[in-house]
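These protein sequence lines map, in sequence, to chains S and Z. The first sequence maps to residues 4 to 530 in my numbering. The second sequence maps to residues 281 to 462 in my numbering. Glycine included, C-beta positions come from ideal geometry on N, C-alpha and C. Just below is one structure, and these are the notes that go with it.
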Amino acid sequence: MLGRTLREVSVALKRGQVTPTELCQKCLALIQKTKFLNAYITVSEEAALKQAEASEKRYKKGQSLGDLDGIPVAVKDNFSTTGIETTCASNMLKGYVPPYNATVVQKLLDQGALLMGKTNLDEFAMGSGSTDGVFGPVKNPWSYSKQYREKRKQKPRDENDSDWLITGGSSGGSAAAVSAFTCFAALGSDTGGSTRNPAAHCGLIGFKPSYGLVSRHGLIPLVNSMDVPGILTRCVDDTAIVLGVLAGHDPKDSTTVQGPVNSFLLPSLTDVSKLCIGIPKEYLVPELSPEVRSLWSKAADLFDSEGAKVKEVSLPHTCYSIVCYHVLCTSEVASNMARFDGLEYGHRCDIDISTEAMYATTRREGFNDVVRGRILSGNFFLLKENYEDYFIKAQKVRRLIANDFVNVFNSGVDVLLTPTTLREAVPYLEFIQEDNRTRSAQDDIFTQAVNMAGLPAVNIPVALSRQGLPIGLQFIGPAFCDQQLLTVAKWFEQQVQFPVIQLEELMDDCSSVLANEKLASVSLKQQ
Amino acid sequence: MSVHASPTLFMAMAAKEAAGAHPDGVTLSASLGLTGGALRVPGRGDMWARAVRLGLRAPLGGFRAFTAKADAQGSGRVTAEVIEHLERLALVDFGSQEAVARLEKAIAFADRLRQVDTDGVEPMESVLEDRCLYLRSDNVVEGNCAEELLQNSHRVVEEYFVAPPGNIPLPKLDEQESFPHN
Chain S
4 MLGRTLREVS VALKRGQVTP TELCQKCLAL IQKTKFLNAY ITVSEEAALK
54 QAEASEKRYK KGQSLGDLDG IPVAVKDNFS TTGIETTCAS NMLKGYVPPY
104 NATVVQKLLD QGALLMGKTN LDEFAMGSGS TDGVFGPVKN PWSYSKQYRE
154 KRKQKPRDEN DSDWLITGGS SGGSAAAVSA FTCFAALGSD TGGSTRNPAA
204 HCGLIGFKPS YGLVSRHGLI PLVNSMDVPG ILTRCVDDTA IVLGVLAGHD
254 PKDSTTVQGP VNSFLLPSLT DVSKLCIGIP KEYLVPELSP EVRSLWSKAA
304 DLFDSEGAKV KEVSLPHTCY SIVCYHVLCT SEVASNMARF DGLEYGHRCD
354 IDISTEAMYA TTRREGFNDV VRGRILSGNF FLLKENYEDY FIKAQKVRRL
404 IANDFVNVFN SGVDVLLTPT TLREAVPYLE FIQEDNRTRS AQDDIFTQAV
454 NMAGLPAVNI PVALSRQGLP IGLQFIGPAF CDQQLLTVAK WFEQQVQFPV
504 IQLEELMDDC SSVLANEKLA SVSLKQQ
Chain Z
281 MSVHASPTLF MAMAAKEAAG AHPDGVTLSA SLGLTGGALR VPGRGDMWAR
331 AVRLGLRAPL GGFRAFTAKA DAQGSGRVTA EVIEHLERLA LVDFGSQEAV
381 ARLEKAIAFA DRLRQVDTDG VEPMESVLED RCLYLRSDNV VEGNCAEELL
431 QNSHRVVEEY FVAPPGNIPL PKLDEQESFP HN
């Protein structure tokens, strides 16, 4: 049952083949079994069971709220949730219990979804590996899959467990939670690719909606002009269901657009001959792994062979987008992190000599190196003498990048097809050889331009690599054409038939893995 | 009508890339200033001429190394004065020489923006700049939650958040231990 799609389970619930409570209990048990993945920071067992009870009553009366009623979901820990600790994987917010729900969380709850818990992430969503949070790194479930282990001639249960793979980030916990079947959908956030990157590494659909389509109220902000809530599911139809619930104007978020929201019911495309697929040539970089490159090429061939028009296009400012993103991101972060001073919420140090001393020490104790580094960089770019040369300049370059996309879409292209990541998931020990900023600059290369232009994009898992790990490709659409984008994505998903992760052996008896819950990771971090 | 470009599309792109590649074989990692390999240090005039050329044409496959210029410039930017200024503005300390080095790298990275010709381009603040912001009517519809809000703070007295005394500046950098650790 847990391996089914959201839609299938919803039907089963309506037919009484399974009850919300059973579903909830199964998921909770699985969360316990897969605790070693470190996907969840907080498991809201009591709340979920209560919600399940209420849902069950509704189903008995035949009054279900909709497709999401009774469906277990998880939420990234940078979304505020009433009564449930929200930490952003940071010491700064450890113990912080918000008095309100983020709008997207509220919308899910209003539809009867069961909130299983808050998932792990990089601290304040800064990072591309889900390795830099205070609760430790998240392990990619594919590390324990039959597909991966068989290639390495290893049993799924390894006493050593030192060569596990990262999930990607920063929504790695959400990705691991969905990938390991502990929930049917999870919310992530996407500022530079933070939903699509882990989706690619964990073999999931990772969707970034158009900026302004989904409310950010309650999403602890990183970069106000680029953040959006992201959706992680195991199939495109499920994403469409969740998007249908979340999209729409929110009076509490003035950056959401007004006007009627189209239904996100996805038609089944049978004929792609009217489609024009664009392949941006600047995305073909030397660092792209040959396997990803080959899959990208095959995907283009697939569209071509089915009658679509496939053409090379140019996004000339691509090479500057990561730099531009770096400047804008750190600048906005410097501003957004200023609210954490220990006075009204969050961590507070013991120093009492002066406000400034208290703020400074609180922030030193509360933030990790990555966050502090970005705050300092951002402040540098915002200094009076640097403002014009860096911040304003980056804003101008942002316009050029956004215009690149507009020009391409105006030239008749319906959807762009690009890689999502440079390569498949790497082992944690390899990943931490470089620092956070370096990794982010490398890993965000295909994903962050989309955030700067505010466009919708989605990762679709395509095939397994030679090592048995997921590789995904990204589709990018014009602004507010989310439904069309997902329609194309759904067609493509049906063509590639990405395999289901095989975790059965691991699920049956996890005792030896559970015994090795101690993560040998912490001491290897650079200071 | 389909365009049978795909089988050769990637080969064509790869061929172009190989033909037009920088003689030094610039890779992504080099252009991101990440390799510790041999760095050329061209003369200043040479660097600026190159910057002008690069700014005016779209680089093929995208990436040109500018590590040499960046590193030469980077080492001068983050002086003790700048460090102190930033620490005071951000109320966050560097903590180590490594953090300073990281900032220098970040600045060097950001310097590559200078290569872009942005004459006549307006800064973009939001992708929704063409739309009207939603403004709700100026009526009080919620609030009265002082107790709830006070609960999240570590130090409150009645309905006040308690702060230490203000207007006391932090000690100057040379008056305190450099890079205090926790």
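Residue 327 of chain S CB to nearest chain Z CB: under 9 angstroms?
Counting from one through the first sequence, the residue named residue 327 of chain S turns up at place 324. Answer yes: the Cβ-Cβ gap between residue 327 of chain S and chain Z drops below 9 angstroms somewhere.
Given that residue 398 of chain Z touches chain S, what residues does it touch there, using C-beta distances under 8 angstroms?
Here residue 398 of chain Z is taken as the residue at index 118 of the second sequence, counted from 1. Correct list: 396, 399, 400, 403.
Determine, for residue 418 of chain Z, whether the minimum Cβ-Cβ distance to residues of chain S falls below 9 angstroms.
Walking along the second sequence from the start, residue 418 of chain Z turns up at place 138. It does not: the Cβ of residue 418 of chain Z has no partner Cβ on chain S nearer than 9 angstroms.
Give the list of continuous alpha helix (DSSP H) stretches no shorter than 4 residues that lie fully inside the segment 261 to 344 of chain S.
With a minimum length of 4 residues, the continuous alpha helix (DSSP H) runs that stay inside the segment 261 to 344 of chain S are 293 to 308, 321 to 339.
For residue 222 of chain S, which of helix, strand or coil comes out of DSSP?
Numbered from 1 along the first sequence, position 219 holds the residue referred to as residue 222 of chain S. Correct three-state label for residue 222 of chain S: strand.
How big is the Cα-Cα spacing for residue 241 of chain S and residue 5 of chain S?
Along the first sequence, read from residue 1 onward, the residue named residue 241 of chain S stands at position 238. Along the first sequence, read from residue 1 onward, the residue named residue 5 of chain S stands at position 2. Spanning the two alpha carbons is a distance of roughly 14 angstroms.
When you compare the CB positions of residue 204 of chain S and residue 502 of chain S, do they come within less than 9 angstroms of one another, or not?
Position 201 of the first sequence holds residue 204 of chain S. Position 499 of the first sequence holds residue 502 of chain S. No, they are not a contact pair.
Under 7 angstroms Cβ-Cβ, which residues of chain S neighbour residue 440 of chain Z?
In the second sequence, counting from the first residue as 1, residue 440 of chain Z sits at position 160. In chain order: nothing, as chain S lies at least about 11 angstroms away.
Here's a check: name, in chain order, each residue in its chain whose Cβ is nearer than 6 angstroms to the Cβ of residue 179 of chain S, leaving out the five neighbours to either side.
As a position in the first sequence, residue 179 of chain S is number 176, starting the count at 1. The residues are 40, 42, 141, 144, 170.
Assign residue 236 of chain S to one of three DSSP states: helix, strand, or coil.
What you label residue 236 of chain S is simply residue 233 of the first sequence in a count that begins at 1. Residue 236 of chain S falls in the strand class under three-state DSSP.
Between the segment 372 to 381 of chain S and the segment 417 to 435 of chain S, do at least 3 Cβ pairs fall closer than 8 angstroms?
The segment 372 to 381 of chain S is not in contact with the segment 417 to 435 of chain S.
Look at the alpha carbon of residue 183 of chain S and the alpha carbon of residue 449 of chain Z, and state the distance between them as a whole number of angstroms.
Stepping through the first sequence from its first residue, residue 183 of chain S is reached at position 180. Stepping through the second sequence from its first residue, residue 449 of chain Z is reached at position 169. Cα to Cα, the separation comes out at about 52 angstroms.
DSSP three-state label for residue 106 of chain S, please.
Start at 1 with the first residue of the first sequence, and residue 106 of chain S comes out as number 103. Residue 106 of chain S falls in the helix class under three-state DSSP.
Quick check on DSSP: helix, strand or coil for residue 358 of chain S?
As a position in the first sequence, residue 358 of chain S is number 355, starting the count at 1. Three-state DSSP puts residue 358 of chain S in a helix.
Helix, strand or coil, according to DSSP, for residue 176 of chain S in the structure here?
Here residue 176 of chain S corresponds to residue number 173 of the first sequence, with the count starting at 1. Looking at residue 176 of chain S - three-state DSSP - the assignment turns out to be helix.
Using a C-beta cutoff of 9 angstroms, does residue 426 of chain Z count as contacting chain A?
This model lacks chain A altogether; the protein chains it does include are S and Z.
Look at residue 245 of chain S and residue 111 of chain S and say whether their C-beta atoms are less than 9 angstroms apart.
As a working mapping, residue 245 of chain S is identified with position 242 in the first sequence. As a working mapping, residue 111 of chain S is identified with position 108 in the first sequence. It is a contact, given that the beta carbons lie within the stated cut-off.
Do three or more CB pairs link the segment 429 to 447 of chain Z to the segment 338 to 355 of chain S at distances below 8 angstroms?
The answer is yes - the segment 338 to 355 of chain S touches the segment 429 to 447 of chain Z, with three or more Cβ pairs under 8 angstroms.
What residues are listed by DSSP as bridge partners for residue 208 of chain S?
Stepping through the first sequence from its first residue, residue 208 of chain S is reached at position 205. Per DSSP, S:236.
Going straight from the alpha carbon of residue 94 of chain S to that of residue 367 of chain S, what length do you get?
Translated into the one-based positions of the first sequence, residue 94 of chain S becomes position 91. Translated into the one-based positions of the first sequence, residue 367 of chain S becomes position 364. For residue 94 of chain S and residue 367 of chain S, the distance between alpha carbons rounds to 10 angstroms.
So which residues on chain Z does residue 102 of chain S lean against when the C-beta distance must stay under 9 angstroms?
Locating residue 102 of chain S in the first sequence gives position 99, where the first residue counts as 1. Here the neighbours are 425, 428, 429, 431, 432.
According to DSSP, what are the bridge partners of residue 112 of chain S?
As a working mapping, residue 112 of chain S is identified with position 109 in the first sequence. Its beta-bridge partners do not exist; DSSP assigns none.
What distance in whole Å lies between the Cβ atoms of residue 295 of chain S and residue 201 of chain S, which are believed to be in contact at a cut-off of 8 angstroms?
The residue labelled residue 201 of chain S in the question sits at position 198 within the first sequence. The residue labelled residue 295 of chain S in the question sits at position 292 within the first sequence. Contact flag wrong, Cβ pair sits at about 16 angstroms.
Taking only beta-carbon positions, decide if residue 360 of chain Z is within less than 9 angstroms of chain S.
Numbered from 1 along the second sequence, position 80 holds the residue referred to as residue 360 of chain Z. Taking Cβ atoms only, chain S never reaches closer than 9 angstroms to residue 360 of chain Z, which makes this a no.
My understanding is that residue 278 of chain S touches residue 491 of chain S, with C-beta atoms under 8 angstroms, so please give their C-beta distance in whole angstroms.
In the first sequence, residue 278 of chain S corresponds to position 275, counting from 1. In the first sequence, residue 491 of chain S corresponds to position 488, counting from 1. At roughly 7 angstroms, the Cβ-Cβ gap stays under 8 angstroms, so residue 278 of chain S and residue 491 of chain S are in contact.
Could you spell out where the alpha helix (DSSP H) holding residue 459 of chain S opens and where it closes?
Residue numbering aside, residue 459 of chain S sits at position 456 when the first sequence is read from its first letter. Per DSSP, residue 459 of chain S belongs to no alpha helix (DSSP H) and is neither H nor E.
Please report how far the alpha carbon of residue 249 of chain S lies from the alpha carbon of residue 312 of chain S, in whole angstroms.
Here residue 249 of chain S refers to the residue found at position 246 of the first sequence. Here residue 312 of chain S refers to the residue found at position 309 of the first sequence. Looking at the two C-alpha atoms, the distance is approximately 33 angstroms.
How far does the alpha helix (DSSP H) with residue 43 of chain S in it extend, from its first residue to its last?
Walking along the first sequence from the start, residue 43 of chain S turns up at place 40. Counting along the chain, residue 43 of chain S falls outside any alpha helix (DSSP H), though it belongs to the beta strand (DSSP E) covering 43 to 46.
Going by C-alpha to C-alpha distance, which of S:480, S:382, S:398, S:138 sits closest to residue 339 of chain S?
Locating residue 339 of chain S in the first sequence gives position 336, counting from the first residue. The candidate whose alpha carbon is nearest that of residue 339 of chain S is S:382.
9 angstroms is my cut-off, CB to CB: does residue 437 of chain Z come that close to chain S?
Translated into positions along the second sequence, residue 437 of chain Z becomes position 157. No, its Cβ sits nowhere closer than 9 angstroms to a Cβ of chain S.
Residues of the segment 121 to 135 of chain S in Cβ contact with chain Z at a cutoff of 8 angstroms, in chain order, please.
So the list is empty, because no residue satisfies the distance condition.
Please report the straight-line C-alpha distance between residue 149 of chain S and residue 470 of chain S, rounded to a whole angstrom.
Position 146 of the first sequence, counted from the first residue, corresponds to residue 149 of chain S. Position 467 of the first sequence, counted from the first residue, corresponds to residue 470 of chain S. The alpha-carbon atoms of residue 149 of chain S and residue 470 of chain S are separated by roughly 11 angstroms.
If we count Cβ pairs, one from each stretch, closer than 8 angstroms, do we get three or more for the segment 391 to 400 of chain Z versus the segment 396 to 403 of chain S?
Counting Cβ pairs under 8 angstroms, three or more are found: they touch.
For a contact meaning CB atoms closer than 8 angstroms, what does residue 405 of chain Z contact in chain S?
Counting from 1 along the second sequence, the entry for residue 405 of chain Z is found at position 125. Going along chain S in sequence order, the residues near residue 405 of chain Z (Cβ under 8 angstroms) are 228, 398.
Hey, how far is the Cα of residue 186 of chain S from the Cα of residue 22 of chain S?
As a working mapping, residue 186 of chain S is identified with position 183 in the first sequence. As a working mapping, residue 22 of chain S is identified with position 19 in the first sequence. Their backbone Cα atoms lie some 15 angstroms apart in a straight line.
Residues of chain S with CB under 8 angstroms from residue 373 of chain Z, in chain order?
Taking the second sequence and counting its residues from 1, the one referred to as residue 373 of chain Z is at position 93. 363, 367, 375, listed in chain order.
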